[in-house]
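S.K.: Numbering (the numbering used here), first residue to last: 303 to 766.
(1) For residue 374, which beta-bridge partners are listed by DSSP?
(2) Out of curiosity, what's the CA-to-CA distance linking residue 526 and residue 708?
(3) So, with DSSP's three-state summary, where would you put residue 563?
(4) Alpha carbon to alpha carbon, how far is residue 692 from residue 724?
(5) By the three-class DSSP mapping on this structure, what secondary structure does residue 748 have?
(6) Within a Cβ cutoff of 7 angstroms, which residues of the same chain sit near residue 391, ignoring the five residues on either side of it in sequence?
(7) Excluding the 5 residues flanking residue 680 on each side, which residues of the same chain have their C-beta closer than 6 angstroms to its C-beta?
(8) So is residue 342 buried or exposed if we call it buried at 16+ other beta carbons inside 10 Å?
(9) Have a look at residue 500 and residue 511 and give me their C-alpha separation to the nearest angstrom.
(10) Is it buried or exposed for residue 646, if we count other Cβ within 10 angstroms and need 16 for buried?
(11) Which partner residues does residue 253 have in the DSSP bridge list?
(12) According to DSSP, what are the bridge partners of residue 594?
(13) Compute the beta-carbon to beta-carbon distance between residue 542 and residue 503, rounded to the nearest angstrom, for a pair I have assumed lies under 8 angstroms.
(14) Just curious, the alpha helix (DSSP H) that residue 336 is in, first and last residue?
(15) If you draw a straight line from the alpha carbon of residue 594 to that of residue 675, how long is it in whole angstroms?
(16) State the DSSP-derived secondary structure class of residue 400, mapped to helix, strand or coil.
(17) Between residue 689 and residue 673, which are expected to be in contact by the criterion C-beta below 8 angstroms, what is the C-beta distance as a whole number of angstroms?
(18) Between residue 491 and residue 750, is the Cβ-Cβ spacing less than 8 angstroms?
(19) Can residue 244 and residue 473 be called in contact, C-beta distance under 8 angstroms?
(20) If you follow the alpha helix (DSSP H) that residue 623 is in, where does it begin and where does it stop?
(21) To the nearest angstrom, how far is it from the Cα of residue 554 to the Cα of residue 357?
(22) Give the secondary structure of residue 350 by DSSP, where H, G and I count as helix, E and B as strand, and everything else as coil.
(23) Distance, Cα to Cα, residue 308 vs residue 765?
(24) Rounded to the nearest angstrom, how far is the Cβ of residue 487 from that of residue 384, given a contact under 8 angstroms?
(25) Skipping 5 residues on each side, what residues in its chain have a beta carbon closer than 6 angstroms to that of residue 464?
(26) For the 8 angstroms Cβ check, are there 3 or more pairs between the region 559-575 and the region 614-625?
(27) Ordered along the chain, which non-local residues of its own chain (more than five positions away) have a Cβ less than 7 angstroms from that of residue 584?
(28) Please work out which residues of its chain come closer than 8 angstroms, Cβ to Cβ, to residue 636, disregarding the five sequence neighbours upstream and downstream, and give them in chain order.
(29) Please work out which residues of its chain come closer than 8 angstroms, Cβ to Cβ, to residue 327, disregarding the five sequence neighbours upstream and downstream, and give them in chain order.
(30) Under a Cβ-count criterion, where at least 16 other Cβ atoms within 10 Å of its own Cβ denotes burial, should residue 661 be classed as buried or exposed?
(31) Where residue 528 and residue 522 are concerned, what is the direct C-alpha to C-alpha distance, given to the nearest angstrom?
(32) Can you confirm whether residue 558, when its beta carbon is compared against all beta carbons of chain C, has any partner nearer than 8 angstroms?
(33) Note down the Cα distance separating residue 763 from residue 695, rounded to an integer number of angstroms.
(34) Using 8 angstroms for Cβ pairs, my map puts residue 372 next to residue 612. What's the rounded Cβ distance?
(35) I'd like to know whether the C-beta atoms of residue 430 and residue 757 end up nearer to each other than 8 angstroms.
(36) Based on Cα-Cα distance, which residue from 748, 386, 752 and 365 lies nearest to residue 561?
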C-alpha cells in the first residue's frame with residue numbers, strides 16, 4: 303500500500319490492490335455506511351426546517367430572503383449560531399427541503415472532498431516491513447468502521463456532522479505539507495487553510511484550530527522559500543474570521559469573532575451544578591424545568607437562558623460573567639471541575655452523557671432514554687481503543703519533537719497543535735462524546751504520519 307523505503311524481490315510483483323485503490327475503497331466503504339445510516343436514522347418526513355439546536359429560524363429566514371437572522375420571543379438574534387450549517391441547508395432549499403435527501407447530498411459531497419484530500423497518502427507513508435502496512439490499514443479501518451464517527455458524519459442537523467470530515471481534510475492536508483513543504487502543491491496549502499476556515503464558520507470553538515493551522519501553514523511556506531504563496535495564504539486565512547467579525551459589527555454592533563451562545567456554554571461548564579449533572583447527564587438540564595438525571599429527580603436552577611435577556615450579547619455577557627465569578631469565588635471546586643472535564647475529554651472511554659436525550663412532544667423539556675446495550679458497549683470499546691491511539695500520538699509527537707529530524711518535528715508539531723487546539727475549548731467549556739470522538743479521529747490521522755516518521759528515522763539509522 304504505502305511507498306516502500308527499500309526494494310526487494312517482491313517489488314516487481316503486482317499487489318492485489320495498489321495503495322491508491324485501498325485508499326479509494328476505504329473512502330467508498332465509509333460513504334456507503336454513512337448513506338445506510340442516513341436511510342435508517344433520518345425520518346423521511348423530517349425537513350431542513352425541523353432541526354433543533356437553534357438553527358431552524360436562521361434557515362427559514364435565509365430561505366425567505368430576510369437575511370441571516372433568528373427572531374422569536376420579541377427579539378431577533380444575528381450571532382447565536384455560526385453561519386456554516388444554516389447557509390449550507392438554505393443553499394440546497396431550492397432543490398429540496400427533505401433532511402434525508404440533503405443529508406445524502408452532504409455525505410456524497412464531503413466523501414468526495416475527503417477522497418481528494420487523502421489521494422496520494424499511500425505515497426507519503428514510509429514502509430520497511432509488511433507489518434507496517436498492516437498498521438496503516440488497521441488505523442484506516444479503525445476510522446472507517448467507527449460506529450461513533452459514522453453516526454456523527456451521517457447527521458446534517460448539528461455541526462459535528464460537517465466539521466468531522468472538514469477537520470479530517472484539514473489534518474491530512476496539513477500533514478502533507480508538513481512532510482514535504484517544498485514539494486507540496488499550492489493546492490494542499492490552500493486546502494488546509496480553507497478547510498480550517500470553513501470549520502470555524504460551522505463552530506466558533508474551532509477558532510483555535512483555524513489559528514494554529516493558518517500559522518503552521520504560513521510558516522511552512524515561508525521556511526521553504528515560498529514567500530508569494532505565504533502572502534496569499536494569509537489573505538485566504540483572514541477571509542472567514544474577517545467576514546464574521548464584519549457581520550457582527552454591522553448587524554449587532556459588537557466586535558466579536560465568536561457567537562453569542564458562547565457565554566451560556568461557558569456557564570454550563572462552570573457553576574455549582576456542573577458536576578451534579580456532568581458527565582453522566584446532559585448539561586442542558588440546567589435550563590430544563592423538568593430535571594431527571596439517570597432516572598432520579600434532581601434540583602437544578604432552571605435558568606432562563608436566552609429568553610431572560612433583551613439582547614443576545616446581554617445574554618452572552620451575563621452568563622460569561624457568572625461563570626468567571628464562580629471560578630474566582632470557588633477555586634477548589636473550579637479545579638475539581640477542570641480535572642473532571644479534562645479526564646472526560648482526553649481519556650474517558652464512556653459515552654458522555656451516559657444516556658440519550660430527546661425533546662418532549664410539546665418541546666417543554668428533555669426526556670431521558672437509556673442507550674441500547676449494543677450502542678453503549680460498541681461505542682465504549684471504540685473509545686477505549688481510541689484513547690490508546692491518543693496516548694500513542696501524544697507520546698510519539700513528544701519523542702519526535704525532541705529526537706526527530708526537521709521533517710519529523712514538523713509532523714509532531716502539527717499533531718500536537720491539532721490535538722491541543724481542538725481539545726482546549728471543550729476542557730474549558732464542556733465536552734460530550736460527539737466532541738471527543740473527533741479528537742480521537744485527529745489522533746488516528748496523526749498516527750499515520752507519526753508512524754511513518756518513526757519508520758523513516760529507523761530506516762535512516764539502520765542504513766547509517
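C-beta: ideal position from N, C-alpha, C; glycine also.
M.R.: From the atom records:
(1) Answer is 377.
(2) Rounded to the nearest angstrom, the two C-alpha atoms are 12 angstroms apart.
(3) Residue state, collapsed to three classes: coil.
(4) Annotation: residue 692 to residue 724 spans about 13 angstroms, alpha carbon to alpha carbon.
(5) Residue 748: helix per DSSP, three-state reduction.
(6) Here the set comprises 350, 361 and 404.
(7) Cβ neighbours of residue 680 beyond the five flanking positions: 449.
(8) Looking at its Cβ environment, which holds fewer than 16 other Cβ atoms inside 10 Å, residue 342 is exposed.
(9) Rounded to whole angstroms, residue 500 to residue 511 spans 11 angstroms at the Cα level.
(10) A residue is called buried when at least 16 other Cβ atoms come within 10 angstroms of its Cβ; residue 646 meets this threshold and is buried.
(11) Residue 253 falls outside the range modelled here, since the chain spans only 303 to 766, and no answer is possible.
(12) Beta bridge pairing from DSSP links residue 594 with 599.
(13) In this structure, residue 542 and residue 503 form a Cβ contact; the two beta carbons are roughly 5 angstroms apart against a cut-off of 8 angstroms.
(14) It spans 321-343 - the alpha helix (DSSP H) in which residue 336 sits, taken as one unbroken run.
(15) Residue 594 and residue 675: Cα-Cα distance of roughly 21 angstroms.
(16) Note: residue 400 maps to strand in three-state DSSP.
(17) For residue 689 against residue 673, the beta-carbon gap comes to about 19 angstroms, at or over 8 angstroms, which does not count as contact.
(18) No. Outside cutoff.
(19) Since the first residue of the chain shown is 303 and the last is 766, residue 244 is not available in this structure.
(20) Its alpha helix (DSSP H) spans residues 614-631.
(21) Each residue's Cα considered, the two are about 18 angstroms apart.
(22) Three-state DSSP puts residue 350 in coil, outside helix and strand.
(23) With a pLDDT of only 42 at residue 308, under the threshold of 50, the placement of this residue in the model should not be trusted; the figure read from the coordinates follows. Cα to Cα, residue 308 sits roughly 11 angstroms from residue 765.
(24) Actually they do not touch by this definition, with Cβ atoms about 30 angstroms apart.
(25) Excluding sequence neighbours, residue 464 sits near 504.
(26) Touching, yes, given that three or more Cβ pairs across the two stretches are closer than 8 angstroms.
(27) Around residue 584: 655, 659 and 668.
(28) So the list reads 572, 628 and 629, once near-sequence residues are dropped.
(29) Closer than 8 angstroms at Cβ, skipping near neighbours: 319.
(30) Exposed, by the Cβ-count rule.
(31) Answer to the nearest angstrom: the Cα atoms are 9 angstroms apart.
(32) This model lacks chain C altogether, as it is built from one protein chain only.
(33) Going by the C-alpha atoms only, they are around 22 angstroms apart.
(34) With a Cβ gap of about 15 angstroms, residue 372 and residue 612 do not count as contacting.
(35) Yes, these two residues count as a Cβ contact at 8 angstroms.
(36) For residue 561, the nearest C-alpha among the options comes from 386.
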